[in-house]
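**Q** With UniProt numbering applied, the sequence shown closes on residue 461, and no number is skipped along the way.
Just so it is clear, CB atoms sit at the ideal spot from N, CA and C, and this is done for glycine as well.
It should be emphasised that the depicted structure is a prediction, and the values quoted were computed from it without experimental measurement.
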Amino acid sequence: MVTPIISEHPGQPQTDPNDPTRMMVDPQMNFIMLRECQLAVSPDEDGDLPLHIAVAQGNMEMVVKLIRMMCMMGETLDAYNKLRQTPLHVAVITKEREMVRKLLEGGAISYLPDRHGNNAIHLAVKHVTKECLRVLLDESKVKFDLDAKNFEGFAPLHLAVQSGDADIVEMLIEAGSNVDVIDGKSGRTPLFHAAEGNLTHIASLLLQKTACVNIANYAGSTAVNAASGRGFLELVALLVKYGADAVVRDATAFSSKERQAKLTLRETLVRNKQEQQPQLNTAAAAAAQQQQQQQQHHQQQHQLFLEQQRLERQRQQQLHEHQQHLQQQHLQHQQQLQHHQQLQQQQQQQLQHVKTETQWCKTSTATALDLSKYVSSSLGTSVHPVHSTVSSVTAAVSCPPPTVTTSDTSVTAMSGSSDTSAPVFTDTTSPVSASEVKMKVDSDNVTSKSVVVSTAASPVS
1 MVTPIISEHP GQPQTDPNDP TRMMVDPQMN FIMLRECQLA VSPDEDGDLP
51 LHIAVAQGNM EMVVKLIRMM CMMGETLDAY NKLRQTPLHV AVITKEREMV
101 RKLLEGGAIS YLPDRHGNNA IHLAVKHVTK ECLRVLLDES KVKFDLDAKN
151 FEGFAPLHLA VQSGDADIVE MLIEAGSNVD VIDGKSGRTP LFHAAEGNLT
201 HIASLLLQKT ACVNIANYAG STAVNAASGR GFLELVALLV KYGADAVVRD
251 ATAFSSKERQ AKLTLRETLV RNKQEQQPQL NTAAAAAAQQ QQQQQQHHQQ
301 QHQLFLEQQR LERQRQQQLH EHQQHLQQQH LQHQQQLQHH QQLQQQQQQQ
351 LQHVKTETQW CKTSTATALD LSKYVSSSLG TSVHPVHSTV SSVTAAVSCP
401 PPTVTTSDTS VTAMSGSSDT SAPVFTDTTS PVSASEVKMK VDSDNVTSKS
451 VVVSTAASPV S
């Protein structure tokens, strides 16, 4: 009985809660999954995806999760790292059978070669991994060529014979490998490799699997030649038992016609070489001349490079000297500027001093005029105006005001005296050349206690 689906949201498409493909819509979980998917396809500095690393570490749980995630994104499981290894190659090398199975179930391809031309079958045979080889042969979803050769010209069966493992040899033959496949370098069959290695049990297995015993390599030698030449008598007897030619026929055992043909071919090659020798000599001379010209050109380029380096060093030195000269000029300019600023400060101080003295002189002049008026009013007599202007008085009381004493007229007035009598003037017939007025004034009324004024005056009436 099927349990009916309960509609959580009527009007919307409903899914079976027990469906394994059912996904909950959660924004936070979706963001985390999106981030994990992005990390799953991001290689590190060695080109390894997280799947490579998880396989190498044997983390089965993480491998399954990454395979499911990459299949969901549509990403390939056969990405290469910088060593041209796919995750399947790494799983075979580390002999992880279950990981090999999971990768094949996810769609990994087993026939992709690595940097040496070895596919997953080559690697399983080379590392003698029977379990992984069985999984590769039985569960691969993609058909592949069991006789594919690596960059050394060896098929998996050649490597299996060289390893000496009869089980692997039998597994490959039963899976469809050609028992007489020849390698790509010398034309040797698996039986020939077994004869060279004195692998009697492998040779017996190959012969039982209908291997041809008289196939020669590119040099004309057969398996029995290889075995007899090395003294493997038991193996020779086995090969003869299965029909090997008892007459040793190696590269030197040719008939007279064959030897004559080889001799004719050799003479032809020698004659062609002699005919081509002048051309070769001319070409060699031309090549030597060209090489000499190239060497001269390289020497000239080297000399030019050295000259450019010398000029560059000279330019750098001149630039350095110029920078030092500019720095010295800048330093001198700063010193001159500081000296100029000091001179300006001194001039400003002198100007301020002159202003102060001028102000003092003006103040002294005003004080002198006030004192002159006060003296005139205190004397109670009319003094004839001075012939000179006020500037004469100003000049007379310049800083510091000198005291001039004349012998013509002396006038003394005391501010504290109550005597109101007029001062005594000595009248002469000649004009008064100077007047001296000496007074003591109270400090509250005037600034100076004693002032001496000397002026050039006209005669007093």
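Who are the Cβ neighbours of Lys-149 in its own chain at under 6 Å, not counting the five residues just before and after it?
**A** The sequence position of residue 149 within the sequence shown is 149, counting from 1. Cβ within range, chain order: Ala-155 and Gly-184.
**Q** Indicate whether Phe-151 and Ser-110 have their beta-carbon atoms separated by less than 9 Å.
**A** As a working note, residue 151 is residue 151 in the sequence shown. As a working note, residue 110 is residue 110 in the sequence shown. No.
**Q** Might you give, ordered along the chain, the residues of its own chain that have their beta carbon closer than 8 Å to the beta carbon of Leu-326, omitting 5 neighbours on each side?
**A** Your numbering for residue 326 matches position 326 in the sequence shown. Nothing meets the Cβ criterion.
**Q** Near Glu-131, what residues of its chain come up, given a Cβ to Cβ distance below 6 Å and the 5 sequence neighbours on each side ignored?
**A** For the purposes of this step, residue 131 is taken as the residue at position 131 of the sequence shown. Once the five neighbours on either side are set aside, the close Cβ partners of Glu-131 are Arg-97.
**Q** What are the start and end residues of the alpha helix (DSSP H) that includes Asn-118?
**A** Within the sequence shown, residue 118 is the residue found at index 118, counting from 1. Asn-118 -> no alpha helix (DSSP H), and no H or E assigned at all.
**Q** Between Thr-189 and Ile-215, how many whole angstroms is the CB-CB distance? I'm expecting something under 8 Å.
**A** Here residue 189 corresponds to residue number 189 of the sequence shown, with the count starting at 1. Here residue 215 corresponds to residue number 215 of the sequence shown, with the count starting at 1. Rounded, the Cβ-Cβ distance is 5 Å, consistent with contact.
**Q** Is DSSP giving Arg-68 helix, strand or coil here?
**A** Taking the first residue of the sequence shown as position 1, residue 68 is located at position 68. The answer is helix: DSSP assigns Arg-68 an H, G or I state.
**Q** On the criterion of 16 or more Cβ atoms from any shown chain inside 10 Å, does Val-92 qualify as buried, or is it exposed?
**A** Position 92 of the sequence shown, counted from the start, is the residue given in the question as residue 92. It is buried - the Cβ of Val-92 has at least 16 other Cβ atoms within 10 Å.
**Q** What does the Cβ neighbour count give for Val-55, buried or exposed, with the cut at 16 atoms within 10 Å?
**A** By 1-based counting over the sequence shown, the position of residue 55 is 55. Val-55 comes out buried.
**Q** Quick one: grab the DSSP three-state call for Gly-229.
**A** As a position in the sequence shown, residue 229 is number 229, starting the count at 1. Helix.
**Q** Compare the beta carbon distance of Leu-205 and Val-169 with 9 Å and say whether it is the shorter of the two.
**A** Reading the sequence shown from its first residue, position 205 is the one you call residue 205. Reading the sequence shown from its first residue, position 169 is the one you call residue 169. Yes, Cβ-Cβ distance for Leu-205 and Val-169 is below 9 Å.
**Q** Within the same chain, show all residues whose beta-carbon is closer than 8 Å to that of Leu-136, passing over the 5 residues directly before and after it, in chain order.
**A** For the purposes of this step, residue 136 is identified with residue 136 of the sequence shown, where counting begins at 1. Correct list, in chain order: Val-92, Val-100, Leu-104, Ser-110, Ala-120, Ile-121 and Ala-124.
**Q** Would you please state the rounded distance, in angstroms, between the beta carbons of Ala-286 and Leu-235? I believe it to be under 8 Å.
**A** For this step, residue 286 is matched to residue 286 along the sequence shown. For this step, residue 235 is matched to residue 235 along the sequence shown. Contact doesn't hold; Cβ gap of about 56 Å is too wide.
**Q** Please go through the stretch 314–348 and give each complete beta strand (DSSP E) segment of 3 or more residues, from N-terminal end onward.
**A** Runs found: none.
**Q** By DSSP, does Thr-356 sit in helix, in strand, or in coil?
**A** Translated into the one-based positions of the sequence shown, residue 356 becomes position 356. Three-state DSSP puts Thr-356 in a helix.
**Q** Of all the options Leu-351, Asp-46, Met-69 and Gly-197, which has the alpha carbon lying nearest to the alpha carbon of Gly-229?
**A** For the purposes of this step, residue 229 is taken as residue 229 along the sequence shown, with counting starting at 1. The shortest Cα separation from Gly-229 among Leu-351, Asp-46, Met-69 and Gly-197 belongs to Gly-197.
**Q** Rounded to the nearest angstrom, what separates His-320 and Gln-292 at their Cα positions?
**A** Your numbering for residue 320 matches position 320 in the sequence shown. Your numbering for residue 292 matches position 292 in the sequence shown. Spanning the two alpha carbons is a distance of roughly 41 Å.
**Q** Let me know the alpha helix (DSSP H) ranges lying completely inside the UniProt repeat "ANK" (152–184), each 4 residues or longer, listed in chain order.
**A** Here the runs fully enclosed are 156–163 and 166–175.
**Q** By the 10 Å Cβ neighbour count, where 16 or more other Cβ atoms means buried, how is Gly-106 classified, buried or exposed?
**A** On the sequence shown, position 106 is the one that residue 106 refers to. It is buried - the Cβ of Gly-106 has at least 16 other Cβ atoms within 10 Å.
**Q** Pick out whichever of Lys-126, Thr-94, His-89 and Asp-48 has its Cα sitting closest to the Cα of Ala-108.
**A** Stepping through the sequence shown from its first residue, residue 108 is reached at position 108. Nearest C-alpha to Ala-108: His-89.
**Q** Give a yes or no on whether the minimum CB-CB distance between Glu-170 and chain C is below 9 Å.
**A** Of the protein chains in this structure there is only one, and it is not chain C.
**Q** Hey, could you find the ends of the alpha helix (DSSP H) Ala-216 is sitting in?
**A** Against the sequence shown, residue 216 aligns to sequence position 216. Premise fails: Ala-216 is in no alpha helix (DSSP H) and is neither H nor E.
**Q** Within 10 angstroms of its Cβ, does Phe-232 collect 16 or more other Cβ (buried), or is it exposed?
**A** For the purposes of this step, residue 232 is identified with residue 232 of the sequence shown, where counting begins at 1. Phe-232 should be labelled buried.
**Q** With DSSP collapsed to three states, give me the class of Ile-93.
**A** Looking up residue 93 in the sequence shown gives position 93. Correct three-state label for Ile-93: helix.
**Q** Assuming Tyr-218 and Ser-186 make a contact with CB atoms under 8 Å, what is their CB distance in whole Å?
**A** Along the sequence shown, read from residue 1 onward, the residue named residue 218 stands at position 218. Along the sequence shown, read from residue 1 onward, the residue named residue 186 stands at position 186. Their Cβ separation, rounded to whole angstroms, is 6 Å, which keeps Tyr-218 and Ser-186 in contact under 8 Å.
**Q** Compare the C-alpha of Thr-94 against each of Gln-309, Asn-59 and Gln-342 and name the closest.
**A** Within the sequence shown, numbered from 1, the residue matching residue 94 stands at position 94. Of the candidates Gln-309, Asn-59 and Gln-342, the one whose C-alpha sits nearest the C-alpha of Thr-94 is Asn-59.
**Q** Select from Thr-222, Ala-211, Gln-359 and Gln-318 the residue whose C-alpha is nearest the C-alpha of Leu-157.
**A** The residue you call residue 157 lines up with position 157 of the sequence shown. Out of Thr-222, Ala-211, Gln-359 and Gln-318, Ala-211 has the C-alpha closest to the C-alpha of Leu-157.
**Q** Three-state secondary structure (DSSP) at Ser-364?
**A** On the sequence shown, position 364 is the one that residue 364 refers to. It is helical.
**Q** If contacts are defined as beta-carbon pairs under 8 Å, then Leu-66 and Thr-86 qualify, I think. What distance do you get, rounded to the angstrom?
**A** Mapped onto the sequence shown, residue 66 falls at position 66. Mapped onto the sequence shown, residue 86 falls at position 86. Leu-66 to Thr-86, Cβ: 14 Å. No contact.
**Q** Kindly list the residues whose CB is nearer than 8 Å to the CB of Asp-167, restricted to its own chain and excluding five residues on each side of it in sequence; keep chain order.
**A** As a position in the sequence shown, residue 167 is number 167, starting the count at 1. Lys-130.
**Q** For Arg-84, which of Asp-114, Ala-194, His-201 and Asp-245 has the nearest alpha-carbon?
**A** Within the sequence shown, residue 84 is the residue found at index 84, counting from 1. Per the Cα distances, Asp-114.
**Q** Does DSSP classify His-193 as helix, strand or coil?
**A** The count along the sequence shown starts at 1 and reaches residue 193 at position 193. Helix.
**Q** Rounding to the nearest angstrom, what Cα-Cα distance links Leu-39 and Gln-317 in this structure?
**A** Indexing the sequence shown from 1 puts residue 39 at position 39. Indexing the sequence shown from 1 puts residue 317 at position 317. Leu-39 and Gln-317: Cα-Cα distance of roughly 54 Å.
**Q** Would you identify the three-state DSSP class for Pro-43, choosing helix, strand or coil?
**A** Residue numbering aside, residue 43 sits at position 43 when the sequence shown is read from its first letter. Note: Pro-43 maps to coil in three-state DSSP.
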